[in-house]
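S.K.: Residue numbers (my numbering): 116 to 179.
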């Protein structure tokens with residue numbers, strides 16, 4: 116597990132719009148150093164980090 120504290124801080128006090136969510140998800144993916152192994156490439160893992168962050172933030176926004 117990885118907690119993107121800098122990304123969290125950048126969202127504090129912000130509206131969760133489609134644009135802010137996409138930007139935060141991109142920042143989260145860019146801040147990790149994913150493993151590259153026989154199960155998945157580092158690029159794929161970074162992609163998953165972006166997609167899963169975006170989905171989580173969209174779900175959070177729908178609950179506000």
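By construction, the Cβ of each residue, glycine as well, lies at the ideal position given by its N, Cα and C atoms. The model shown is predicted, which means the values in this text are computed figures rather than measured ones.
What's the gap between the Cα of residue 135 and the Cα of residue 169?
M.R.: Distance between the alpha carbons of residue 135 and residue 169: 10 Å.
S.K.: Less than 7 Å between the C-beta atoms of residue 144 and residue 165, yes or no?
M.R.: Yes. Within cutoff.
S.K.: Skipping 5 residues on each side, what residues in its chain have a beta carbon closer than 7 Å to that of residue 175?
M.R.: Closer than 7 Å at the Cβ level, and outside the excluded window around residue 175, lie 131.
S.K.: Ignore the nearest five residues each way along the sequence and tell me which others in residue 142's own chain have a CB closer than 6 Å to its CB.
M.R.: Taken in chain order, the residues that qualify are 122.
S.K.: For residue 156, report the span of its alpha helix (DSSP H) as first-last.
M.R.: Element bounds for residue 156: n/a, residue is neither H nor E.
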